[in-house]
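Take the position in the sequence shown, starting the count at 1, then add 829; the result is the number in our numbering. Don't be surprised by glycine CBs; every beta carbon is placed ideally from N, CA and C.
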Amino acid sequence: MANEVAERYAQGLFELAWENSTAEAKKEQAECLLETIRQTPELNTLLRAVKITKDEKKSFIENSFKNVLDADMIRFIKLLIDKGRIYYLQDILHEYVNLSNQRLGIENAVIWSARPLKKDDLDRLHKALEKKSGKKVNIENKIDPDLIAGIKVTMGSQVTDVTMKNRIDSMKEVLLKGGRA
């Protein structure tokens, strides 16, 4: 049910944003709000608190985000509060970002590495991924020390793994099979 609710509200927000040519701006606001919630878990607690009235929550949203979110986004969050759907806010925002990316032709790519990549390396990878996909690509560098060296790129359902860990695992598999590939 949570996914259905999130999809329905995200679709409604997206249609409004698409009609008003603000889909990309709303996507940025949704990402900003998601990051704020991630960094400040108390915000989620406050919005879900039953002892805080709907009016207090709406006033908090208005006062806290009037310089960050546009009027439509603030009204949307207030609607979620009024309808008792604020519990789905993060799911709705994630779904909205996914919908926007899909409609705007944007792919997300995660580049896994043993340590943070240099900006120049990330820029080269970014350009290569955009050229390969023919789409705008958002990249994120995630760290996994277990990879030892190399990179693993996940974009959509495609995974390219050129890490030392993958090579070692492959060699281990061959050796366990008695040296036959």
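- Message: Suppose you measure from the CA of ILE915 to the CA of THR865; what does that come to, to the nearest Å?
- Response: 15 Å
- Message: Given this structure, state the Cα-to-Cα distance separating LEU922 from LYS1001, to the nearest angstrom.
- Response: 42 Å
- Query: Short check: CB of GLY979 to CB of VAL991, under 7 Å?
  - Reply: yes
- Message: Which residues does DSSP list as the beta-bridge partners of ASP990?
- Response: LYS981
- Spatially closest choice to GLN987 from ASP911, LYS961, ALA943, by CA coordinates: LYS961
- Task: Take THR983 and list the residues in its own chain whose beta-carbon comes closer than 6 Å to its own, dropping the five residues that flank it on each side.
- Result: VAL939
- Hey, ALA839 and ALA846: beta-carbon distance below 7 Å or not? no
- Would a C-beta distance cut-off of 7 Å place LEU842 and TYR925 closer than the cut-off? yes
- Task: Rounded to whole angstroms, what's the CA-CA distance from LEU909 to ASP975? Just pull it up for me.
- Result: 42 Å
- Grouping DSSP H, G and I as helix and E and B as strand, with all else coil, what is ILE881? coil
- Task: Pull up the distance between the alpha-carbon of ARG877 and that of ALA943, whole angstroms please.
- Result: 38 Å
- For GLU857, count neighbouring Cβ atoms within 10 angstroms of its own Cβ and tell me buried if that reaches 16, exposed if not. exposed
- Query: For LYS965 versus ILE935, is the C-beta distance shorter than 7 Å?
  - Reply: yes
- Look at the alpha carbon of VAL1003 and the alpha carbon of ARG996, and state the distance between them as a whole number of angstroms. 11 Å
- Item | Cβ shell of MET902 (< 7 Å), same chain only, five flanking positions each side left out | LYS855, GLN858
- Query: When you compare only the Cα positions, how much space is there between PHE889 and GLU860?
  - Reply: 19 Å
- Option in ASP973, ASP920, ARG932 with minimal Cα separation from LEU946: ASP973
- Query: So which of ILE906, GLU969, GLU836 has the shortest CA-CA distance to LYS948?
  - Reply: GLU969
- Task: Determine the contact status of LYS880 and LYS907, defining contact as a CB-CB distance below 7 Å.
- Result: no
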